[in-house]
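Engineer:
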Amino acid sequence: MARRVLVTGGAGYIGSHTVLQLLREGFYVVVVDNLDNSSEVAVQRVAELAGGFGKNLAFHRIDIQDKEALEKVFHTTKFDAVIHFAGLKAVGESVQKPLLYYKNNIIGTITLLEVMAAHGCKKLVFSSSATVYGWPKHLPCTEESPLHAMNPYGRTKLMIEEICRDVHHADNDWKIMLLRYFNPVGAHPSGHIGEDPRGIPNNLMPFIQQVAVGRRPSLTIFGTDYSTKDGTGVRDYIHVVDLADGHIAALKKFFDDPTTGCEAYNLGTGKGTSVFEMVTAFEKASGKKIPLILTARRPGDAETLYAGTAKAEKELKWKAKYGIEEMCRDQWNWAIKNPWGYGLPEPPN
Ligand code: NAD
Ligand code: UFG
Numbered sequence: 272m273a274r275r276v277l278v279t280g281g282a283g284y285i286g287s288h289t290v291l292q293l294l295r296e297g298f299y300v301v302v303v304d305n306l307d308n309s310s311e312v313a314v315q316r317v318a319e320l321a322g323g324f325g326k327n328l329a330f331h332r333i334d335i336q337d338k339e340a341l342e343k344v345f346h347t348t349k350f351d352a353v354i355h356f357a358g359l360k361a362v363g364e365s366v367q368k369p370l371l372y373y374k375n376n377i378i379g380t381i382t383l384l385e386v387m388a389a390h391g392c393k394k395l396v397f398s399s400s401a402t403v404y405g406w407p408k409h410l411p412c413t414e415e416s417p418l419h420a421m422n423p424y425g426r427t428k429l430m431i432e433e434i435c436r437d438v439h440h441a442d443n444d445w446k447i448m449l450l451r452y453f454n455p456v457g458a459h460p461s462g463h464i465g466e467d468p469r470g471i472p473n474n475l476m477p478f479i480q481q482v483a484v485g486r487r488p489s490l491t492i493f494g495t496d497y498s499t500k501d502g503t504g505v506r507d508y509i510h511v512v513d514l515a516d517g518h519i520a521a522l523k524k525f526f527d528d529p530t531t532g533c534e535a536y537n538l539g540t541g542k543g544t545s546v547f548e549m550v551t552a553f554e555k556a557s558g559k560k561i562p563l564i565l566t567a568r569r570p571g572d573a574e575t576l577y578a579g580t581a582k583a584e585k586e587l588k589w590k591a592k593y594g595i596e597e598m599c600r601d602q603w604n605w606a607i608k609n610p611w612g613y614g615l616p617e618p619p620n
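As structure tokens, then:
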């Protein structure tokens, strides 16, 4: 019988790509999402892209803080594992509205863990972030590097990691993977699902994309005076399809390796790319010129961040396949097919 996986936040950017890969691998998937930062259209498109496997997908519009609603979902399906993407993720907003972030991300996770425990489902994959490394002193960041969050969003990730470690320590029936994502970009090669942020994008790639399709006049580069190859910040960009596959690898480890405990894994490529390099790669993929405005550093940004990938390669038997060229190609394909994301054009000002 097909393994059953609950995916919280499965309508979102990384969630939708992961749900598609799960369906294609033969899993039965239930998505819960409150659609706070996503659209149900993404779920419909995933079902279409999955072809015959699309029938193995169910969706419930639920806030994971709503314990009663979650209970109902667990009553109707016995899950083998949960992948937990649901959370708010805008760093700047978390500084403005810390309580919203602590409540949504932490209370949401505790509620989920309580309901899972009550129903005897004790396998969890959690979306952590490279943000837990802060501004690292040594590179690449390995899973043993010191942890330091620089804002409320990052602190929610760090606190949830600690909660998971405590939960496993108290009851080692719990199997937990803390997946620390580096910078997910790109889109499914079909161009039918991709990232569709609400409002002004906070992140580099969605911003570049919106400039390229003419939704915004220029890209502002935050800081050209870093001690990097060209003065701009360096990150480890990872194709979202590679990232999605990392979740399948994590689930396989749960089911194949009874010794699994509570472990953190970096999901990155191990390669650093600067902002200027990313802009050039996107210009090449799209054939569009991206007008630039050079300004001061963005507060709280690290200079350079890239992953040590040895642990995931060895223990999850997973390695990113795609490079920057494919990331930009697929992001552009999504952009030209869906210049307004899943929604309608914004009315002119
Ligand atoms: P996203 O916003 O596209 O997806 C998150 C989904 O969770 C959204 O669909 C949103 O509606 C839903 N959600 C939020 N709060 C909820 C709640 N209380 N109940 C139910 N649904 C809720 O973001 P994403 O980029 O797909 O990120 C997924 C996860 O990965 C997040 O936890 C994020 O913090 C983490 N992460 C993302 C990045 C990144 O750069 N995208 C990097 C590292 C970690
Ligand atoms: N940048 C710009 N202009 C922009 C946006 C970003 O120059 O308009 C620069 C940043 O200064 C940084 C780089 O592009 O040097 C990448 O910035 P992003 O905002 O795309 O990504 P971050 O690395 O700052 O953060 C992202 C997510 C976090 C997550 C982290 C994991 O926003 O939630 O990746 O590494 F935790």
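Residue numbers for the sequence shown follow our numbering, so the first one is 272 and each next one is one higher. The beta-carbon is built from N, C-alpha and C at its ideal position, and this holds for glycine as well.
#1: Would you say the beta carbon of residue 400 comes nearer than 8 angstroms to a heavy atom of ligand 2?
#2: How should residue 470 be labelled, buried or exposed, when 16 other C-beta atoms within 10 angstroms of its C-beta is the threshold for buried?
#3: Looking at residue 566: is its Cβ nearer than 9 angstroms to the Cβ of residue 492?
#4: Would you call residue 607 buried or exposed, if buried means 16 or more other Cβ atoms sit within 10 Å of its Cβ?
#5: Buried or exposed: residue 279, going by 16 or more other Cβ atoms within 10 Å of its Cβ?
#6: Whole angstroms are fine: how far does the CA of residue 357 sit from the CA of residue 305?
#7: In whole angstroms, give me the CA-to-CA distance for residue 488 and residue 351.
#8: Could you give the residue range of the alpha helix (DSSP H) that holds residue 295?
#9: Kindly confirm or deny that the stretch 366-380 and the stretch 454-464 touch, where touching means at least three C-beta pairs closer than 8 angstroms.
#10: When burial is assigned at 16 or more other CB atoms within 10 Å of the CB, is residue 611 buried or exposed?
#11: CB of residue 572 to nearest heavy atom of ligand 2: below 8 angstroms?
#12: Which residue's Cα is closest to the Cα of residue 288: 275, 319 and 560?
#13: With a cut-off of 8 angstroms on the beta carbons, I'd call residue 292 and residue 458 a contact; round off their distance for me.
#14: So within the stretch 560-586, which uninterrupted beta strand (DSSP E) runs reach at least 3 residues, ignoring any that extend past its ends?
#15: Just grab the DSSP bridge partners of residue 277 for me.
#16: What do you get for residue 557, buried or exposed, if any count of 16 or more other CB atoms within 10 angstroms of its CB means buried?
#17: Within its chain, find whatever has a CB closer than 8 angstroms to the CB of residue 361; leave out the 5 residues flanking it on each side and keep chain order.
#18: Within a Cβ cutoff of 6 angstroms, which residues of the same chain sit near residue 419, ignoring the five residues on either side of it in sequence?
#19: I'd like to confirm something about residue 286: is its beta-carbon nearer than 8 angstroms to some heavy atom of ligand 1, or not?
#20: From the DSSP output, which residues share a beta bridge with residue 542?
#21: Here's a check: name, in chain order, each residue in its chain whose Cβ is nearer than 7 angstroms to the Cβ of residue 554, leaving out the five neighbours to either side.
#22: Do you know how far the Cα of residue 564 is from the Cα of residue 440?
#23: Exposed or buried, residue 316, counting other C-beta atoms within 10 Å across all chains shown (16 or more means buried)?
#24: Around the C-beta of residue 428, are 16 or more other C-beta atoms found within 10 angstroms, so that it is buried, or is it exposed?
#25: Please classify residue 332: is it buried, with 16 or more other beta-carbons within 10 angstroms of its beta-carbon, or exposed?
Structural biologist: The relevant details are as follows:
#1: Against the sequence shown, residue 400 aligns to sequence position 129. Residue 400 Cβ: within cutoff of ligand 2.
#2: Translated into the one-based positions of the sequence shown, residue 470 becomes position 199. Residue 470 comes out exposed.
#3: In the sequence shown, counting from the first residue as 1, residue 566 sits at position 295. In the sequence shown, counting from the first residue as 1, residue 492 sits at position 221. Closer than 9 angstroms, so yes.
#4: For the purposes of this step, residue 607 is taken as the residue at position 336 of the sequence shown. Flag for residue 607 reads exposed.
#5: Along the sequence shown, one-based indexing puts residue 279 at 8. Buried, since its Cβ has 16 or more Cβ neighbours within 10 Å.
#6: Taking the sequence shown and counting its residues from 1, one reaches residue 305 at position 34. Taking the sequence shown and counting its residues from 1, one reaches residue 357 at position 86. Answer to the nearest angstrom: the Cα atoms are 9 angstroms apart.
#7: Within the sequence shown, residue 488 is the residue found at index 217, counting from 1. Within the sequence shown, residue 351 is the residue found at index 80, counting from 1. Cα-Cα distance, rounded: 47 angstroms.
#8: In the sequence shown, counting from the first residue as 1, residue 295 sits at position 24. Residue 295 -> alpha helix (DSSP H) spans 284-295.
#9: Judged by pairs of C-beta atoms under 8 angstroms, the stretch 366-380 does not touch the stretch 454-464, as fewer than three such pairs exist.
#10: Here residue 611 is taken as the residue at index 340 of the sequence shown, counted from 1. With fewer than 16 other Cβ atoms within 10 Å, it is exposed.
#11: What you label residue 572 is simply residue 301 of the sequence shown in a count that begins at 1. At least one heavy atom of ligand 2 lies closer than 8 angstroms to the C-beta of residue 572.
#12: What you label residue 288 is simply residue 17 of the sequence shown in a count that begins at 1. Comparing Cα-Cα distances from residue 288 to each of 275, 319 and 560, the minimum goes to 319.
#13: Indexing the sequence shown from 1 puts residue 292 at position 21. Indexing the sequence shown from 1 puts residue 458 at position 187. Their Cβ separation, rounded to whole angstroms, is 13 angstroms, which puts residue 292 and residue 458 out of contact at 8 angstroms.
#14: Those beta strand (DSSP E) runs which fall completely within the stretch 560-586 and span 3+ residues are 563-566.
#15: Translated into the one-based positions of the sequence shown, residue 277 becomes position 6. Paired residue(s): 301 and 353.
#16: By 1-based counting over the sequence shown, the position of residue 557 is 286. The residue in question, residue 557, is buried, as its Cβ has 16 or more Cβ neighbours within 10 Å.
#17: As a first step, residue 361 must be located in the sequence shown, where it is residue number 90. Once the five neighbours on either side are set aside, the close Cβ partners of residue 361 are 424 and 473.
#18: Within the sequence shown, residue 419 is the residue found at index 148, counting from 1. The answer, listed in chain order, is 405.
#19: Taking the sequence shown and counting its residues from 1, one reaches residue 286 at position 15. Result yes, Cβ under 8 angstroms from ligand 1.
#20: Residue mapping note: residue 542 aligns to position 271 of the sequence shown, counting from 1. According to DSSP, residue 542 bridges with nothing at all.
#21: In the sequence shown, residue 554 corresponds to position 283, counting from 1. 560 and 561.
#22: As a first step, residue 440 is located in the sequence shown; it is residue number 169 there, counting from the start. As a first step, residue 564 is located in the sequence shown; it is residue number 293 there, counting from the start. Each residue's Cα considered, the two are about 49 angstroms apart.
#23: Walking along the sequence shown from the start, residue 316 turns up at place 45. Buried: at least 16 other Cβ atoms inside 10 Å.
#24: In the sequence shown, residue 428 corresponds to position 157, counting from 1. Buried, by the Cβ-count rule.
#25: What you label residue 332 is simply residue 61 of the sequence shown in a count that begins at 1. Answer is exposed; the Cβ neighbour count stays below 16.
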